[in-house]
Amino acid sequence: MHRILLIDDDEHLAPPLATYLKRYDFELSHANRPSVGLARLSAEAFDAVILDVMLPEMDGFEVLREIRRQHSTPVLMLTARGELTDRVVGLEMGADDYLPKPFEPRELAARLTTVLRRLKQAAPAATPTETELLRFDGLSIDLPRREVTRQGELLALTGTEYELLLLLAQEPRKVFSRDDILSRLRGQDADLYTRAVDILVSRLRKKLEPLDCIKTLRNAGYAFAAGPAR
């Protein structure tokens, strides 16, 4: 059973949502204040976090920033009225997905399932073989461990950033359109939010600097352009 942490100050939301999510093999825990949620996330193991934007003590974006300083746990943000600004800011800061309020529990369960399936880790290998490593000039990707090393330094990537990099790196020079990327990362054709891809690429590029691995092809999409390992 997957353990999910809900950080939301609505006391009436958690009980019925917990009951519903049990159908999908999710165990929901609730923290009604950010400080409580952050403490639990540090002390316990959770597979994903559902994070509301409107919270007491600090807003959801500040909480997300604190989470990303220490954890790579997938975060799905709940945004009031589906505001575009909330979505953009959340994705820029490292959220893996968003869902506007009010939402249908079934859609929330589907999004959680998709995120967790996408980010499911393979069993670690003691000594990766060459087929389990992608090597480029200054960059290596360890598939079993889901680790990315840039010029000898281990990078802290979110699950979505890792999946985006892997998608591009597995087929160097191939051009992926924004719609292709969204469909592949989410595992479903949805109401495409193409700005999300630009945000993810921008975040990933900053973490890969000074390497210039991702090229933009005007009106076409993105392609991986790192050279072969020397």
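Per the numbering used here: the sequence shown = residues 182 to 411.
Ideal Cβ positions, reconstructed from N, Cα and C, are used throughout, including at glycine.
For residue j and residue i, the rounded distance between their alpha carbons
| i | j | result |
| --- | --- | --- |
| E225 | L398 | 43 Å |
| G340 | E243 | 19 Å |
| P237 | R221 | 17 Å |
| V230 | A261 | 17 Å |
| K282 | L289 | 11 Å |
| K355 | G402 | 10 Å |
| H252 | G241 | 15 Å |
| D372 | D360 | Residue placement at D372 is poorly supported in this model, since its pLDDT is 42, which falls under 50; the coordinates still yield a value, given next. Spanning the two alpha carbons is a distance of roughly 10 Å. |
| A291 | A406 | 34 Å |
| T308 | R331 | Reliability fails at T308, whose pLDDT of 46 lies under 50, so the model's placement of it is uncertain and the value that follows must be treated cautiously. Going from the Cα of T308 to the Cα of R331 covers about 19 Å. |
Residue i: first and last residue of the uninterrupted alpha helix (DSSP H) it sits in
| i | result |
| --- | --- |
| P196 | 195 to 202 |
| R384 | 376 to 389 |
| F242 | 241 to 251 |
DSSP-derived helix/strand/coil call for residue i
| i | result |
| --- | --- |
| S223 | helix |
| L335 | strand |
| Q369 | Only weak support exists for where Q369 lies, its pLDDT of 39 falling under 50; the value from the coordinates is given anyway. Reduced to three states, the DSSP call for Q369 is coil. |
| D277 | coil |
| A404 | strand |
| P409 | strand |
| D191 | coil |
| A304 | Residue confidence for A304 is low, a pLDDT of 38 falling below 50, so the modelled location carries little weight and cannot support an answer. |
| V217 | helix |
Proximal residues to residue i (C-beta, below 6 Å), its chain only, five neighbours per side dropped
| i | result |
| --- | --- |
| D189 | D233 |
| L336 | V329, K388 |
| L427 | This structure does not reach residue 427, given that the chain is present from 182 up to 411, and the question cannot be answered. |
| F207 | H183, I185 |
| Y279 | M258, T260, R268, G271 |
DSSP beta-bridge partners of residue i
| i | result |
| --- | --- |
| L345 | DSSP lists no partner for L345. |
| R316 | S321 |
| V329 | I322 |
| R184 | E208 |
| L232 | I188, M258 |
Residue i, enclosing beta strand (DSSP E) - first and last residue
| i | result |
| --- | --- |
| L257 | 256 to 261 |
| L398 | 395 to 398 |
Cβ-based neighbour list, residue i, same chain, cut-off 7 Å, excluding 5 preceding and 5 following
| i | result |
| --- | --- |
| P215 | I188, L236, E238, M239, V244 |
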